[in-house]
Amino acid sequence: MILKKSGLPLRVTKPDGSPHYTVPFIQDSSNGVVVSDSLRIAKYLDTTFPDTSQVAPADTGSQFLTSQEIMMRLYPMYPLARPSIHKSHSEAGKAVQERMYGLVMELQPEEKVALLEKGKQGFMEVIDRAKGDVYLTGEHPVFIDFVLAAGGLIYRATFGIDSAEWKEVASWKDGRWQRVVENMERYIQVA
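Per UniProt numbering, the very first residue in the sequence shown carries number 1; after that it's consecutive.
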């Protein structure tokens with residue numbers, strides 16, 4: 001409702017042409033400005049609070065992969081997360097997920113192994129281009145670090161922190177994904 005009232009321009013419409021508002025979004029309580037889309041939010045915060053660490057510097061895209069490129073490399077693992085995500089949705093949410101991605105299917109063990117291997121290949125492609133030991137582009141986190149951490153958090157929550165699957169994922173590239181997640185957890189705040 002707040003998005004509709006805010007006058008925020010639509011970025012997505014449903015196939016029938018009706019409005020489709022998406023999350024995440026923020027509303028700046030100091031001026032009422034509403035911003036949606038993760039990268040646009042990051043840029044707004046950088047502009048609004050210039051004396052803080054910048055998470056969406058203008059030159060990041062030219063130095064590294066875009067958030068979409070990172071997500072596409074990690075997406076092959078998404079079917080592994082879907083059953084867990086699906087269970088957490090309301091019936092309406094499940095229907096939306098099924099329309100977008102198809103029915104949730106029980107995966108065979110060999111399918112799970114193949115998806116993990118594809119995810120590992122994608123993760124290695126991302127990490128092999130990293131310039132920093134902790135963060136992807138250097139000593140300070142930028143937007144794409146949050147994207148990578150979000151993927152790790154999804155898989156950690158899906159598999160379970162003590163599961164064999166998460167332990168395997170967390171071990172890739174000498175524990176790099178686990179370190180990314182752990183380093184980014186301090187920025188997580190659910191309001």
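Glycine included, each C-beta is placed from N, C-alpha and C at the ideal position.
First through last residue of the alpha helix (DSSP H) which encompasses residue i
i, result
"residue 217", "For the chain, the structure presents residues 1 to 191; residue 217 sits outside this window and is missing."
"glutamine 121", "109-127"
"glutamine 178", "164-184"
"serine 67", "67-74"
Bridge partner(s) assigned by DSSP for residue i
i, result
"valine 142", "In the DSSP output, where bridge partners are listed per residue, valine 142 has none listed."
"valine 35", "Ile26"
"tyrosine 78", "Note: tyrosine 78 sits in no beta bridge, so no partner."
Own chain, CB closer than 7 Å to residue i, minus 5 neighbours either side, in chain order
i, result
"alanine 42", "Val55, Ala56, Phe143"
"lysine 131", "Thr137, Gly138"
"residue 192", "Given a span of 1 to 191 for the chain in the structure shown, any question on residue 192 remains unanswerable."
"proline 141", "Val55, Tyr135, Met184"
Residue i: first and last residue of the uninterrupted beta strand (DSSP E) it sits in
i, result
"isoleucine 26", "25-27"
Own chain partners of residue i with C-beta closer than 6 Å, once the 5 adjacent residues on each side are dropped
i, result
"serine 84", "Thr158"
"aspartate 46", "Gln54, Ala56"
"phenylalanine 123", "Trp172"
"glutamine 27", "Val34"
Assumed close pair residue i, residue j - CB separation to whole angstroms, cut-off 8 Å
i, j, result
"leucine 80", "leucine 115", "5 Å"
"asparagine 183", "valine 134", "6 Å"
"tryptophan 166", "tyrosine 155", "7 Å"
"glycine 152", "valine 180", "6 Å"
"lysine 118", "proline 50", "At roughly 40 Å, the Cβ-Cβ gap does not stay under 8 Å, so lysine 118 and proline 50 are not in contact."
"serine 36", "phenylalanine 25", "4 Å"
For residue i, the three-state DSSP class (helix, strand or coil)
i, result
"proline 19", "strand"
"serine 62", "At serine 62 the pLDDT is 48, less than 50, meaning the model places this residue with poor confidence; the figure from the coordinates comes in the next sentence. Of the three classes helix, strand and coil, the one that applies to serine 62 here is helix, per DSSP."
"arginine 156", "helix"
"isoleucine 188", "coil"
Test: residue i CB closer than 8 Å to a CB of chain B
i, result
"arginine 99", "Absent from the structure is chain B; it holds one protein chain and no more."
Any non-hydrogen atom of the ligand HEM closer than 7 Å to residue i Cβ
i, result
"leucine 153", "In the structure shown, the ligand HEM is absent, as is every other ligand, since no ligand is present at all."
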